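One structure below.
Residue numbers (the numbering used here): 60 to 729.
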């Protein structure tokens, strides 16, 4: 570990600065620790996607986390104004407002828990209301509204103060700095200084010092870190090429000028700012002042409150719904063993304080059915619950089929139930909209996923940006182990690690690497970008719900199609007390629904598909022939071969076949 710990890197971009940053958070924190620095900051472009990961990783490694954002700020316009603004002359265009006149930058760090919530909310407003192209922008109103508990830095060379200075507008720069100081408070606004050897940095330094002196604003030395180690520069440059669709040797492409965009040591920073030691000292001051904590809550701490009629609470209403459901399921003649099972389950559910969860799920399922939306009969461990059957959440009698409730809920393992519900894909979105209307648009959102660059994609991207023909990329990827070409990810590191599981299968790839210089170059380039985030997406089924606005916990993001998602992945949202509901879209239900409509349109007798007999001989003959294309979970080539081989003749056989063909059992020898 380095001897010195008298500096803190506050202005770091991770790979959550999509296709721009190349720092993985565990590596960033580890490097901080190796450099002897007591804390590390995060300031990703326009988002706080990585805030929780940095916090948890830093706490785990014994480093203090400083959570922040490098905000996009409108050029003194309202956040809804999409017009481009230029403050200088045509000849000054390269020095003018960034993004072709759309934004300036500003660095914001959370000093307190209140500040963290304010940054979360400000980031959400920027993403939901201020986005232009790929820039989620705040305006002065947002900055002022969510300023409490926040420390502000004047930002990188794209900051408003620096931009005004480059244009020769000192008075406007002074005014802008003064306004920021008024918004955040004199002790909370810092003039940031950077030195990457850029002319645009050095030509405004003296003016920045002058403004700091006039306003009494403290100085802050920062480094615009975009990757962890000096040798990672190539990986970050590759990400820029992926982002712009260009090649590494393409003239005029966007790339970083200057140097030093890695985690510089305290000694390096102190040497760069040897004439301004207070600017380095102040990084320690900011780190000392900032103290934030994410609260890990019990599962479902922020469970949505189900609206109950007057005189009822969730528990009493839940018990009544179960009682009524049993009467309906068993035509008013509920067997004693069913009552005993239901009573036991109700006791467990009430003890675990989950009645509200069952009411919420049963309600949106019933709403879907009432509105002609196809709903699956139930899947997974929830099918083992008599309560779920009584409330219409599932359609299979668990006792009749020998299903076990404890696989679903176990009083010795307190965790929220996991009920997967299938809807036809179009209807699924209607059900989510219903929940947003019922519980609040600010309390329901779909869930983000982050797509990282896998091995095969890394090789293809590397071949392309290096200028190789498509065939060369194909040659390299085809040499990957069979598991990788079959859809499973085999990290490049494992291919060269004799202790790795797939090492023996990767001999062909290693031989190509050793014998073909081009393959070696492509692979070496790919190793740098493998595992970095390439894009965001929407989780196929996870929807997050809460009793309070989600922005109290997770920032929100609006995608180009209007879908609103969290920016924390679902497991983080659950850790923080929000509730994940699984709304699955199943196209097989659309087929069934269309079939029923066609039957009705042709004047045939309607069919209740929930009452189709499970002992029809003709059906089992069809299954035994493998004629199951389009049948849910039975239409893959492997499953059809298994059906023809084992020839099921009862419902239990089908259950066993599906269980046998699940990924776990099938992967035992792979």
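Ideal Cβ placement from N, Cα and C applies to all residues, glycine included.
What you are looking at is a predicted structure, and each value in this text was computed from that prediction instead of being measured.
Tell me the DSSP secondary structure of residue 84 in three-state form.
As a position in the chain shown, residue 84 is number 25, starting the count at 1. In the structure shown, residue 84 sits in a helix (DSSP, three-state: H, G or I).
Count the other CB atoms within 10 Å of the CB of residue 241; is the residue buried (16 or more) or exposed (fewer)?
Counted from its first residue, the chain shown places residue 241 at position 182. So residue 241 counts as exposed.
Do you know whose CA, among 381, 152, 212, lies nearest residue 239's CA?
If you number the chain shown from 1, residue 239 lands on position 180. That would be 212, whose Cα lies nearest to the Cα of residue 239.
Name the residue from 126, 717, 112 whose alpha carbon lies nearest to the alpha carbon of residue 439.
By one-based count along the chain shown, residue 439 stands at place 380. Minimum Cα distance to residue 439 is reached at 717.
Contact set for residue 712: own chain, Cβ-Cβ below 8 Å, skip 5 residues either direction:
Indexing the chain shown from 1 puts residue 712 at position 653. Cβ contact annotation for residue 712 (same chain, cutoff 8 Å, sequence separation greater than five): 705, in chain order.
Going by other Cβ atoms of all chains shown within 10 Å of its Cβ, with 16 needed for buried, is residue 416 buried or exposed?
For the purposes of this step, residue 416 is taken as the residue at position 357 of the chain shown. Buried.
Tell me residue 582's beta-bridge partners as DSSP assigns them.
In the chain shown, counting from the first residue as 1, residue 582 sits at position 523. The partner list for residue 582 (beta bridge, DSSP) is empty, contrary to what the question assumes.
So which of 130, 675, 110, 217 has the shortest CA-CA distance to residue 160?
As a position in the chain shown, residue 160 is number 101, starting the count at 1. Check the Cα spacing between residue 160 and each of 130, 675, 110, 217: the tightest is with 217.
Look up residue 729 in the DSSP assignment and say whether it is helix, strand or coil.
Here residue 729 corresponds to residue number 670 of the chain shown, with the count starting at 1. Low confidence applies to residue 729: its pLDDT is 47, below 50, so where it sits in the model is not reliable, and the reading given next is rough at best. Coil at residue 729, not helix or strand.
Residue from 603, 163, 621 with nearest C-alpha to residue 494:
Counted from its first residue, the chain shown places residue 494 at position 435. Taking the Cα of residue 494 as reference, the smallest distance to any Cα among 603, 163, 621 is reached at 603.
As assigned by DSSP and simplified to three states, the class of residue 253
Translated into the one-based positions of the chain shown, residue 253 becomes position 194. In this structure, residue 253 counts as coil in the three-state DSSP scheme.
Inter-stretch contact (C-beta, 8 Å, three-pair minimum) for the region 336-353 and the region 266-282:
Short answer: they touch.
Quick check on DSSP: helix, strand or coil for residue 409?
Here residue 409 refers to the residue found at position 350 when the chain shown is read from its first residue. DSSP places residue 409 in helix when its eight states are reduced to three.
Quick one: Cα of residue 344 to Cα of residue 121, how far?
The sequence position of residue 344 within the chain shown is 285, counting from 1. The sequence position of residue 121 within the chain shown is 62, counting from 1. Answer to the nearest angstrom: the Cα atoms are 19 Å apart.
Identify every residue that forms a DSSP beta bridge with residue 449.
Position 390 of the chain shown, counting from 1, holds the residue named residue 449. Per DSSP, none; premise fails for residue 449.
Can you list, in chain order, the residues of its chain whose CB lies under 8 Å from that of residue 756, leaving out five sequence neighbours each side?
Nothing about residue 756 can be read from this structure; the chain reaches only from 60 to 729.
Does DSSP classify residue 601 as helix, strand or coil?
Counting from 1 along the chain shown, the entry for residue 601 is found at position 542. Note: residue 601 maps to strand in three-state DSSP.
Below 8 Å between beta carbons: does that hold for residue 123 and residue 130?
As a working note, residue 123 is residue 64 in the chain shown. As a working note, residue 130 is residue 71 in the chain shown. No.
Terminal residues of the continuous alpha helix (DSSP H) containing residue 482?
Walking along the chain shown from the start, residue 482 turns up at place 423. Unbroken run through residue 482 is the beta strand (DSSP E), 479-482; no alpha helix (DSSP H).
State the DSSP-derived secondary structure class of residue 628, mapped to helix, strand or coil.
Sequence index remark: in the chain shown, residue 628 carries index 569 (1-based). Here residue 628 sits in coil by DSSP.
Alpha-carbon spacing of residue 542 relative to residue 69, whole angstroms
On the chain shown, residue 542 is found 483 positions in, with the first residue counted as 1. On the chain shown, residue 69 is found 10 positions in, with the first residue counted as 1. In a straight line, the C-alpha of residue 542 is about 41 Å away from that of residue 69.
Run through the DSSP bridge pairs and tell me what residue 128 is partnered with.
By 1-based counting over the chain shown, the position of residue 128 is 69. Beta-bridge pairing links residue 128 to 103, 167.
Can you tell me the Cα-Cα spacing of residue 74 and residue 572, whole angstroms?
As a working mapping, residue 74 is identified with position 15 in the chain shown. As a working mapping, residue 572 is identified with position 513 in the chain shown. Approximately 28 Å between the Cα atoms of the pair.
Our contact map puts residue 104 next to residue 145 with C-beta atoms below 8 Å; I'd like the distance itself, whole angstroms only.
Taking the chain shown and counting its residues from 1, the one referred to as residue 104 is at position 45. Taking the chain shown and counting its residues from 1, the one referred to as residue 145 is at position 86. Residue 104 to residue 145, Cβ: 22 Å. No contact.
Near residue 556, which residues of its chain fall below 7 Å by C-beta distance, leaving aside the five closest residues on each side in sequence?
Counted from its first residue, the chain shown places residue 556 at position 497. Excluding residues within five positions, the ones whose Cβ falls inside 7 Å are 562.
Between residue 404 and residue 636, what straight-line distance do the alpha-carbon atoms span, to the nearest angstrom?
The residue given as residue 404 occupies position 345 in the chain shown. The residue given as residue 636 occupies position 577 in the chain shown. Their backbone Cα atoms lie some 24 Å apart in a straight line.
Compare the beta carbon distance of residue 677 and residue 650 with 8 Å and say whether it is the shorter of the two.
Counting from 1 along the chain shown, the entry for residue 677 is found at position 618. Counting from 1 along the chain shown, the entry for residue 650 is found at position 591. Taking 8 Å as the cut-off, the beta carbon of residue 677 is found no closer than this to the beta carbon of residue 650.
Residue 682 by DSSP, collapsed to three states: which one?
Position 623 of the chain shown, counted from the first residue, corresponds to residue 682. Annotated three-state conformation of residue 682 is helix, per DSSP.
Between residue 485 and residue 246, what straight-line distance do the alpha-carbon atoms span, to the nearest angstrom?
Along the chain shown, read from residue 1 onward, the residue named residue 485 stands at position 426. Along the chain shown, read from residue 1 onward, the residue named residue 246 stands at position 187. Their backbone Cα atoms lie some 53 Å apart in a straight line.
Pairwise C-alpha distance: residue 632 and residue 580:
On the chain shown, residue 580 is found 521 positions in, with the first residue counted as 1. On the chain shown, residue 632 is found 573 positions in, with the first residue counted as 1. Cα to Cα, residue 580 sits roughly 40 Å from residue 632.
Is DSSP giving residue 462 helix, strand or coil here?
If you number the chain shown from 1, residue 462 lands on position 403. It is coil, neither helix nor strand.
Could you give the residue range of the beta strand (DSSP E) that holds residue 617?
The count along the chain shown starts at 1 and reaches residue 617 at position 558. Its beta strand (DSSP E) spans residues 615-617.
Could you please give me the residues that DSSP links to residue 718 through a beta bridge?
Looking up residue 718 in the chain shown gives position 659. According to DSSP, residue 718 bridges with nothing at all.
Can you look up residue 143 in the DSSP assignment and give me helix, strand or coil?
On the chain shown, position 84 is the one that residue 143 refers to. In the structure shown, residue 143 sits in coil (DSSP, three-state: anything other than H, G, I, E or B).
For residue 669, which residues in the same chain have their Cβ closer than 8 Å to its Cβ, ignoring the five residues on either side in sequence?
Reading the chain shown from its first residue, position 610 is the one you call residue 669. The residues are 436, 454.
Contact belief for residue 483 with residue 432 at Cβ below 8 Å, rounded distance in angstroms:
In the chain shown, residue 483 corresponds to position 424, counting from 1. In the chain shown, residue 432 corresponds to position 373, counting from 1. In this structure residue 483 is in contact with residue 432, their Cβ atoms being roughly 6 Å apart against a cut-off of 8 Å.
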